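Heads up: the sequence lines are chains A and B, in that order. In this text, residue positions in the first sequence follow our numbering: the first is 1, and each later residue adds one. In this text, residue positions in the second sequence follow our numbering: the first is 383, and each later residue adds one.
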Amino acid sequence: MPTPAEVKPANPTLTARIRKSFPTPEREFSLDVEFSATPGFTILFGASGSGKTTLLDCVAGLATPDAGRIAVGERVWFDEKTDAGAGTNILVSKRRVGYVLQDLALFPHLTVEQNTEYGLAHLPGSARRQRAAAMLQEFRIDHLRQQRPAKISGGERQRMALARALVTDPCVLLLDEPLAALDAATKSKILDDLRRWNQAHGIPILYVTHSREEVIALGERVLVMEQGRIIAQGTPHEVLRAPLQETVAQLAGFENIFDATVWLIHEDRGTITCRLPGPAGKFVLLETPLIRADLGSWLRVGIRAGDILLAIAKPVGLSARNVIAGQVLRLDRRDMMISARVDCGVEMEVYLTLAARDALELAEGREVWLVIKTHSCHLMQR
Amino acid sequence: MSIDWQAFDWQAFRLTIELALVVSAMLFVIGLPLAYWIAFSRWRWKFLVEAMVALPVVLPPTVLGFYVLVALGSRSPLGRWWQSLTGHTLAFTFSGLVIGSILYSLPFAVQPFAASFSAVDLKLLAASATLGASPLRTFFRVVVPLSAHGLVTGVVLAFAHTMGEFGVVLMIGGNIPGVTRTVSIGIYDQVQASNYAAANAMAMLLLVSCFAVLTVVYGLNRRSNQRVWTMGPVK
């Protein structure tokens with residue numbers, strides 16, 4: 001039985017440079033990233049198929065990079081073969097990595113307690129039971145000790161998967177969309193427990209998600225991935241509020257994305273006016289935040305459907321700089337929400353509640369006004 | 383048709399059970415690593431090994447028996463080695479029968495083993511590795527428990543299949559009472575001598591016991607299927 005080294009590196013920053021190519025049914029996929037993750041949350045944000053899980057698999061040792069280097073503090077987990085050296089590839093079981101896989105991979109034939117003790121085989125029985133019990137208590141599932149995974153709820157399974165990974169006292173924690181299937185309340189409770197745990201332990205946590213809400217809730221540092229590359233990094237605010245590239249915008253949930261030209265620049269007011277061309281020679285002028293751009297150059301503007309206000313009479317006395325007349329084209333119900341498509345020169349999507357629709361007596365063909373704050377217009381490069 | 387229980391060959395029956403027990407136990411031991419390799423290896427020529435394991439399913443037992451007989455005989459290196467070790471050849475001995483039967487029943491154990499190993503979610507193996515478990519520990523703590531009924535099925539099929547074999551036994555073992563004469567050989571003997579009532583007794587017992595064994599296995603499998611280890615719906 002291999003016993004994981006008991007010495008923890010003093011400087012537990014994860015540094016990784018990973019290159020890996022492999023064929024997928026559609027195309028040749030290549031992952032090519034370089035990053036470091038300090039203790040605390042580092043979020044890997046990106047659409048499915050952007051290489052997030054492959055990245056985690058390489059860090060865990062479940063997949064072998066073609067080239068690169070992965071180290072935690074002073075300990076090298078992987079180093080490519082070169083002419084000078086033979087290379088390093090530490091076995092998964094010796095890396096001391098906590099990995100919560102996407103579908104949790106709980107052992108179905110073992111109880112909650114047995115699952116939690118699984119990674120403690122190197123300890124004597126009593127120490128094992130003690131540590132598992134403490135961890136189950138910390139994640140508030142100690143009352144389920146004797147249950148099997150099939151008998152407990154989704155949220156409890158997530159807690160169980162976290163407890164099973166954390167009880168081994170890992171050097172790095174890898175979480176692959178661990179909370180994707182949960183409701184917001186359960187999610188935030190589990191995140192609180194996880195945050196509290198990491199305050200005491202302080203290890204790098206790579207957290208994969210494609211949920212904007214989770215990015216903002218957790219957000220210390222975000223790496224945005226697309227097609228195997230890291231295309232943006234920074235705080236959630238930087239990455240989500242001022243996107244540089246359109247893919248980020250789509251990921252960040254901009255339902256409305258338009259081509260636009262820079263029409264006027266108001267250096268003094270810190271804004272610019274963009275002209276959004278629509279069909280049949282129509283256009284919309286939008287006041288947006290000032291960015292460095294040439295007059296007449298092309299940009300792209302992203303606006304979230306939830307950031308647009310809708311009024312049935314022309315509002316006055318507003319701080320919002322963009323008040324645009326339009327006509328409702330279509331109303332679609334989405335769960336507990338209405339998506340309105342409004343023609344105001346260009347077609348915009350606006351979200352409103354069922355109650356708002358009823359109060360405004362909205363219907364197709366209705367004349368409306370759209371209200372958009374300057375800072376709700378996000379500019380990006382084309 | 384009459385049954386002559388007086389003529390029942392208990393010695394042959396005991397020998398058959400003994401052979402089936404030894405063979406199925408050995409197939410369990412040999413079959414586990416072989417099936418594990420078949421289930422998880424990514425060697426490109428693996429299909430050749432799979433085809434070889436499956437061969438006894440389609441090969442006439444006499445063909446298999448013939449080559450085993452040749453291989454065990456005093457003209458083959460293996461036969462000579464055994465002879466130098468023990469002073470006699472493997473042909474026409476119980477040990478020879480065991481070797482032949484292991485080859486003959488191999489697919490009936492290995493195929494269900496391998497199928498149930500392949501059915502284990504690879505993510506569980508990955509999770510086990512990240513939790514510090516060696517491949518061996520993963521095998522015994524995760525793969526084997528989750529494949530339990532494939533393992534039971536394989537062992538029982540190997541047992542039942544060995545109980546009923548005829549061609550291989552006849553080729554390798556001949557018909558030596560108490561050494562190599564199994565029930566099926568005994569039945570053949572009695573029929574040759576027109577002793578239908580005696581043949582009927584042995585045939586009947588073989589039929590009933592094989593049916594009983596299979597009933598127990600399928601019954602157990604049905605019960606364990608009802609608590610099959612899946613996650614089930616989120617409650």
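Idealized CB from N, CA, C, for every residue including glycine. The model shown is predicted, which means the values in this text are computed figures rather than measured ones.
Quiz item: Which residues does DSSP pair with Arg75 of chain A in a beta bridge?
Solution: Residue numbering aside, residue 75 of chain A sits at position 75 when the first sequence is read from its first letter. Secondary-structure assignment with DSSP links Arg75 of chain A through a beta bridge to A:Val72.
Practice problem: Look up Asn115 of chain A in the DSSP assignment and say whether it is helix, strand or coil. | Solution: Residue mapping note: residue 115 of chain A aligns to position 115 of the first sequence, counting from 1. Correct three-state label for Asn115 of chain A: helix.
Quiz item: Leu101 of chain A versus chain B: which residues are under 8 Å apart at the beta carbon?
Solution: Here residue 101 of chain A corresponds to residue number 101 of the first sequence, with the count starting at 1. Lys505, Ala508 and Ala509, listed in chain order.
Quiz item: Where do the N-terminal and C-terminal ends of the alpha helix (DSSP H) with Asn557 of chain B fall, by residue?
Solution: Locating residue 557 of chain B in the second sequence gives position 175, where the first residue counts as 1. DSSP places Asn557 of chain B in no alpha helix (DSSP H); its state is neither H nor E.
Quiz item: Does Gly514 of chain B come within less than 8 Å of chain A when only Cβ atoms are used?
Solution: Walking along the second sequence from the start, residue 514 of chain B turns up at place 132. Yes, Gly514 of chain B counts as interfacial toward chain A.
Exercise. Could you spell out the range, first to last residue, of the beta strand (DSSP E) harbouring Ser21 of chain A?
Key: Position 21 of the first sequence, counted from the first residue, corresponds to residue 21 of chain A. Here the beta strand (DSSP E) through Ser21 of chain A covers Leu14 to Pro23.
Quiz item: Under a CB-based cut-off of 8 Å, is Pro527 of chain B close to chain A?
Solution: Position 145 of the second sequence, counted from the first residue, corresponds to residue 527 of chain B. By this cut-off, Pro527 of chain B is an interface position.
Quiz item: How would you label Pro243 of chain A, buried or exposed, when you count the other beta carbons within 10 angstroms and need 16 or more for buried?
Solution: Taking the first residue of the first sequence as 1, we reach residue 243 of chain A at position 243. Per-residue confidence for Pro243 of chain A stands at a pLDDT of 45, beneath the threshold of 50, marking its modelled position as unreliable; the derived number appears in the next sentence. Around the C-beta of Pro243 of chain A, 16 or more other C-beta atoms lie within 10 Å, and the residue is accordingly described as buried.
Practice problem: List the residues of chain A whose Cβ lies closer than 7 Å to the Cβ of Val524 of chain B, in chain order. | Solution: Taking the first residue of the second sequence as position 1, residue 524 of chain B is located at position 142. Neighbours of Val524 of chain B on chain A, chain order: Phe107.
Quiz item: Between Thr209 of chain A and the rest of its own chain, which residues show a CB-CB distance below 7 Å, the 5 nearest in sequence each way excluded?
Solution: Counted from its first residue, the first sequence places residue 209 of chain A at position 209. Counting only Cβ-Cβ distances below 7 Å, and skipping sequence neighbours, we find Ile43, Phe45, Glu177 and Val215.
Practice problem: Consider the Cβ of Val208 of chain A: report whether some Cβ of chain B lies at a distance smaller than 8 Å. | Solution: Position 208 of the first sequence, counted from the start, is the residue given in the question as residue 208 of chain A. By this cut-off, Val208 of chain A is not an interface position.
Self-check item: As assigned by DSSP and simplified to three states, the class of Ala313 of chain A
Solution: As a working note, residue 313 of chain A is residue 313 in the first sequence. Ala313 of chain A sits in coil when the DSSP states are folded into three classes, being neither helix nor strand.
Quiz prompt | Proximal residues to Arg330 of chain A (C-beta, below 8 Å), its chain only, five neighbours per side dropped | solution = Translated into the one-based positions of the first sequence, residue 330 of chain A becomes position 330. Residues of the same chain with a CB within less than 8 Å of the CB of Arg330 of chain A, apart from the 5 flanking positions on each side, are Ala340, Arg341 and Glu364 in chain order.
Practice problem: For my contact list, Thr38 of chain A and Pro204 of chain A are in at a C-beta cut-off of 8 Å; report their separation, rounded to the angstrom. | Solution: Position 38 of the first sequence, counted from the start, is the residue given in the question as residue 38 of chain A. Position 204 of the first sequence, counted from the start, is the residue given in the question as residue 204 of chain A. At roughly 6 Å, the Cβ-Cβ gap stays under 8 Å, so Thr38 of chain A and Pro204 of chain A are in contact.
Quiz item: Any idea what DSSP makes of Leu336 of chain A, helix, strand or coil?
Solution: For the purposes of this step, residue 336 of chain A is identified with residue 336 of the first sequence, where counting begins at 1. The residue you asked about is not Leu; residue 336 of chain A is Met in the sequence shown. In this structure, Met336 of chain A counts as coil in the three-state DSSP scheme.
Self-check item: Euclidean distance between Cα positions of Leu397 of chain B and Tyr418 of chain B
Solution: As a working mapping, residue 397 of chain B is identified with position 15 in the second sequence. As a working mapping, residue 418 of chain B is identified with position 36 in the second sequence. Between Leu397 of chain B and Tyr418 of chain B, the C-alpha separation is close to 31 Å.
Self-check item: Proximal residues of chain B, C-beta to C-beta of Tyr351 of chain A below 8 Å
Solution: Position 351 of the first sequence, counted from the start, is the residue given in the question as residue 351 of chain A. Here the premise fails: no neighbours, minimum Cβ distance about 28 Å.
Practice problem: Using a Cβ cut-off of 8 Å (strictly closer), state whether Pro243 of chain A contacts chain B. | Solution: As a first step, residue 243 of chain A must be located in the first sequence, where it is residue number 243. Its pLDDT being 45, under 50, Pro243 of chain A is placed unreliably by the model, and the measurement read from it follows with that caveat. No, Pro243 of chain A lies away from the interface with chain B (no Cβ there is under 8 Å from its Cβ).
Practice problem: Starting from the Cα of Leu223 of chain A, find the closest Cα among A:Gly87, A:Gln147 and A:Val33 and give me that residue. | Solution: Along the first sequence, one-based indexing puts residue 223 of chain A at 223. The residue with the shortest Cα to Cα distance from Leu223 of chain A is A:Val33.
Exercise. Note the first and the last residue of the continuous beta strand (DSSP E) segment covering Phe35 of chain A.
Key: Along the first sequence, read from residue 1 onward, the residue named residue 35 of chain A stands at position 35. Taken as a continuous stretch (DSSP letters only), the beta strand (DSSP E) holding Phe35 of chain A covers Glu28 to Ala37.
Quiz item: Sorted by chain position, which residues of the same chain lie with C-beta nearer than 6 Å to Glu220 of chain A's C-beta, five sequence neighbours on each side aside?
Solution: To locate residue 220 of chain A, count along the first sequence from 1; it is residue 220. Excluding residues within five positions, the ones whose Cβ falls inside 6 Å are Gly40 and Phe41.
Quiz prompt | Residues near Ala496 of chain B in its chain [Cβ-Cβ closer than 7 Å; skip 5 each side] | solution = Within the second sequence, numbered from 1, the residue matching residue 496 of chain B stands at position 114. The residues are Ala417, Ile420 and Ala421.
Practice problem: Answer yes or no: do Trp369 of chain A and Pro315 of chain A have a C-beta to C-beta separation smaller than 8 Å? | Solution: Within the first sequence, residue 369 of chain A is the residue found at index 369, counting from 1. Within the first sequence, residue 315 of chain A is the residue found at index 315, counting from 1. A contact, by the Cβ cut-off of 8 Å.
Quiz item: Between A:Ile18, A:Leu309, A:Ala47 and A:Arg275, which lies nearest to Asn89 of chain A when the distance is taken from Cα to Cα?
Solution: The residue given as residue 89 of chain A occupies position 89 in the first sequence. When A:Ile18, A:Leu309, A:Ala47 and A:Arg275 are compared, the shortest CA-CA separation from Asn89 of chain A is found for A:Ile18.
Quiz prompt | Same chain, Cβ closer than 6 Å to Val239 of chain A, neighbours up to 5 away in sequence not counted | solution = Here the question's residue 239 of chain A lines up with position 239 in the first sequence. Hits under 6 Å: Val222, Val224 and Ala232.
Quiz item: Looking at Leu191 of chain A and Leu218 of chain A, is the spacing between their C-beta atoms short of 8 Å?
Solution: To locate residue 218 of chain A, count along the first sequence from 1; it is residue 218. To locate residue 191 of chain A, count along the first sequence from 1; it is residue 191. In this structure, Leu218 of chain A lies near Leu191 of chain A, with their beta-carbon atoms less than 8 Å apart.
Quiz item: Would Val92 of chain A count as contacting chain B if we go by Cβ distances under 8 Å?
Solution: Counting from 1 along the first sequence, the entry for residue 92 of chain A is found at position 92. With 8 Å as the cut-off, Val92 of chain A counts as an interface residue toward chain B.
Quiz item: From which residue to which residue does the alpha helix (DSSP H) around Gly532 of chain B run?
Solution: The count along the second sequence starts at 1 and reaches residue 532 of chain B at position 150. Per DSSP, Gly532 of chain B belongs to the alpha helix (DSSP H) from Ala530 to Met545.
Quiz item: What residues of chain B sit near Leu62 of chain A, judged by a beta carbon separation below 9 Å?
Solution: Position 62 of the first sequence, counted from the first residue, corresponds to residue 62 of chain A. Listed along chain B, the residues sitting closer than 9 Å to Leu62 of chain A by beta-carbon distance are Ala508, Ala511 and Thr512.
Quiz item: Where does Asp343 of chain A fall in DSSP's three states?
Solution: Residue mapping note: residue 343 of chain A aligns to position 343 of the first sequence, counting from 1. Three-state result, Asp343 of chain A: strand.
Self-check item: For Asp176 of chain A, the first and last residue of its enclosing beta strand (DSSP E)
Solution: One-based indexing of the first sequence puts residue 176 of chain A at position 176. Here the beta strand (DSSP E) through Asp176 of chain A covers Val172 to Asp176.
Quiz prompt | Bridge-paired residues (DSSP) for Leu44 of chain A | solution = Within the first sequence, numbered from 1, the residue matching residue 44 of chain A stands at position 44. A:Val208 and A:Leu223.
Practice problem: Under the assumption that Trp77 of chain A contacts Ala71 of chain A (Cβ atoms under 8 Å), give the Cβ distance between them as a whole number of angstroms. | Solution: The residue you call residue 77 of chain A lines up with position 77 of the first sequence. The residue you call residue 71 of chain A lines up with position 71 of the first sequence. So it is a contact: roughly 6 Å between Cβ atoms.
Quiz item: Going by other Cβ atoms of all chains shown within 10 Å of its Cβ, with 16 needed for buried, is Ala430 of chain A buried or exposed?
Solution: With chain A running from 1 to 382 in the structure shown, residue 430 of chain A is simply not present.
Quiz prompt | From B:Ala515, B:Ala453 and B:Thr471, residue whose alpha carbon lies closest to that of Leu485 of chain B | solution = Within the second sequence, the letter at position 103 stands for residue 485 of chain B. Checked all of B:Ala515, B:Ala453 and B:Thr471; the closest Cα to Leu485 of chain B is B:Ala453.
Quiz prompt | Under the three-state DSSP convention, the category Gly326 of chain A falls into | solution = The residue you call residue 326 of chain A lines up with position 326 of the first sequence. The answer is strand: DSSP assigns Gly326 of chain A an E or B state.
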